[in-house]
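Numbering (the numbering used here), first residue to last: 1 to 323.
Virtual Cβ for every residue (Gly too), placed ideally from N, Cα, C.
I have placed the structure first, in the form of structure tokens, so that the comments after it can refer back to it.
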Amino acid sequence: MIKKITILFVIGMLLSSFFASVNATLEEPTQPEQPITGPGSAEYSHFLVIKTIHKRGGQQYWIFEPFMPKPESAPLIVFNHGWSAIHPISYRAWINHIVKKGNIVVYPRYQKGLVRGFENFTTNAVNAVKDAIETLNKGWHVRPDLDKFAILGHSLGGGITANMAALALDEDLPIPKAIMPVQPFLHMVEKVDFLKINNNTLMLVIVGEEDTVVGNHSAKIIFENTTQIPYSNKDFIIQVTDKYGSPDIIADHLAPVCLPRFLSDSVNAMDYYSTWKLFDALTDYAFYNENLEYCLGNTHEQRFMGLWSDGTPVKELIVTDNP
Numbered sequence: 001m002i003k004k005i006t007i008l009f010v011i012g013m014l015l016s017s018f019f020a021s022v023n024a025t026l027e028e029p030t031q032p033e034q035p036i037t038g039p040g041s042a043e044y045s046h047f048l049v050i051k052t053i054h055k056r057g058g059q060q061y062w063i064f065e066p067f068m069p070k071p072e073s074a075p076l077i078v079f080n081h082g083w084s085a086i087h088p089i090s091y092r093a094w095i096n097h098i099v100k101k102g103n104i105v106v107y108p109r110y111q112k113g114l115v116r117g118f119e120n121f122t123t124n125a126v127n128a129v130k131d132a133i134e135t136l137n138k139g140w141h142v143r144p145d146l147d148k149f150a151i152l153g154h155s156l157g158g159g160i161t162a163n164m165a166a167l168a169l170d171e172d173l174p175i176p177k178a179i180m181p182v183q184p185f186l187h188m189v190e191k192v193d194f195l196k197i198n199n200n201t202l203m204l205v206i207v208g209e210e211d212t213v214v215g216n217h218s219a220k221i222i223f224e225n226t227t228q229i230p231y232s233n234k235d236f237i238i239q240v241t242d243k244y245g246s247p248d249i250i251a252d253h254l255a256p257v258c259l260p261r262f263l264s265d266s267v268n269a270m271d272y273y274s275t276w277k278l279f280d281a282l283t284d285y286a287f288y289n290e291n292l293e294y295c296l297g298n299t300h301e302q303r304f305m306g307l308w309s310d311g312t313p314v315k316e317l318i319v320t321d322n323p
């Protein structure tokens, strides 16, 4: 009797092991995790992010500064939000990432409300940056290194990013070393001459292949009307959807949204290997002459989107100079 029970137990264990291996085989591969080192990675030089809020309405702005350790000075990054994303919570994970890498981030509100004031959006953002620079140069704040200045923006903020770069000289702003309009939209902001963007500015213009909100029309206008910037210093990049594993990696208009981890799972491989990696590398190259291969030139490192958990490469970014 004991022998029969033992045999049945062994058979049961073998069957359990068999079905477990079958289930594991049937499970969908998972997305790539954040890289350990390099652009887009969790290789941070600062542990803490300090946030302060200044002014009100369309003139309001947030400043995010690196602490623990506190640097004497740091590069200055402007982050221009998309339509209605007045509060930085929508991009907070990305902002934290940029700051922990050792940068100051200024987040202009630029919108007083959601219905009126379109004609003032760029002006409001520019004025917020000017005021933020004054604020940072006083008191306990980390001093902004204005020789290391870059502008980033999503959607409507992508259009404002291009505008701000074009107006920098006239508005007595620092000349940006790098700009990255992500899924930009121009039709609700002031019209400016993009030929006024400094010809030494590095530029990436990014679109999503499934972005049905703004598409790629504004992005093409920005890219095609900056002929003063040589192709060696700019690229047009298309994010690509990949549904091979789970969850899907979707290149839509919400892809750059980065709510903190405790609020959502919106931070994923599209961030780590696309927008975060590209902007990290672009500013590394602009400020320190490092990581060129990760941001420009249609290289493997620039296009690479990581590996699904079974080793299958995620569909690469498409990089072109002829959108």
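Is valine 314 helix, strand or coil by DSSP? Taking the sequence shown and counting its residues from 1, the one referred to as residue 314 is at position 314. Coil, per DSSP.
Go through its chain and collect everything with a Cβ distance to proline 174's Cβ below 6 Å, but skip five positions before and after it. Here residue 174 refers to the residue found at position 174 when the sequence shown is read from its first residue. Listed in chain order, the non-local C-beta contacts of proline 174 below 6 Å within the same chain comprise Leu146 and Phe149, local neighbours out to five positions each way being set aside.
Near leucine 186, which residues of its chain fall below 7 Å by C-beta distance, leaving aside the five closest residues on each side in sequence? Locating residue 186 in the sequence shown gives position 186, counting from the first residue. So the list reads Gly159, Ser218 and Ile221, once near-sequence residues are dropped.
Please name the residue in His300, Gly245 and Leu202 whose C-alpha comes closest to that of serine 309. On the sequence shown, position 309 is the one that residue 309 refers to. It is Gly245 whose Cα lies nearest to the Cα of serine 309.
First and last residue of the uninterrupted alpha helix (DSSP H) at serine 218: Taking the first residue of the sequence shown as position 1, residue 218 is located at position 218. First-last of the alpha helix (DSSP H) with serine 218: 217-224.
For leucine 307, tell me which candidate among Lys243, Pro69, Thr201 and Gly139 has the shortest Cα-Cα distance. By one-based count along the sequence shown, residue 307 stands at place 307. Comparing Cα positions, the closest option is Lys243.
Methionine 203 versus Ala255, Tyr91 and Pro181, residue with shortest Cα-Cα distance: As a working note, residue 203 is residue 203 in the sequence shown. Methionine 203 has its Cα closest to that of Pro181, out of Ala255, Tyr91 and Pro181.
Tell me the DSSP secondary structure of serine 73 in three-state form. In the sequence shown, counting from the first residue as 1, residue 73 sits at position 73. Residue state for serine 73 is assigned as strand, using DSSP reduced to three classes.
When the Cβ atoms of the region 122-142 are set against those of the region 31-41, are three or more pairs found closer than 8 Å? Flag = no, the region 122-142 and the region 31-41 do not touch.
In three-state terms, what does DSSP make of isoleucine 249? Taking the sequence shown and counting its residues from 1, one reaches residue 249 at position 249. If DSSP states are grouped into helix, strand and coil, isoleucine 249 belongs with the strands.
Between the Cα of threonine 299 and the Cα atoms of Asn103, Ala286 and Ile237, which residue gives the shortest distance? Numbered from its first residue, the sequence shown carries residue 299 at position 299. Distance from the Cα of threonine 299 is smallest, within the candidate group Asn103, Ala286 and Ile237, for Ile237.
Inter-stretch contact (C-beta, 8 Å, three-pair minimum) for the region 124-139 and the region 288-297: With the cut-off at 8 Å, the region 124-139 and the region 288-297 do not touch.
Glycine 113 to proline 313 span [Cα, whole Å]: On the sequence shown, position 113 is the one that residue 113 refers to. On the sequence shown, position 313 is the one that residue 313 refers to. About 43 Å.
Give me whichever residues DSSP pairs with arginine 143 in a beta bridge. Stepping through the sequence shown from its first residue, residue 143 is reached at position 143. Answer is Ser73, bridged to arginine 143.
Considering methionine 68, what are the terminal residues of the beta strand (DSSP E) in which it resides? The count along the sequence shown starts at 1 and reaches residue 68 at position 68. Counting along the chain, no beta strand (DSSP E) covers methionine 68, and no H or E run does either.
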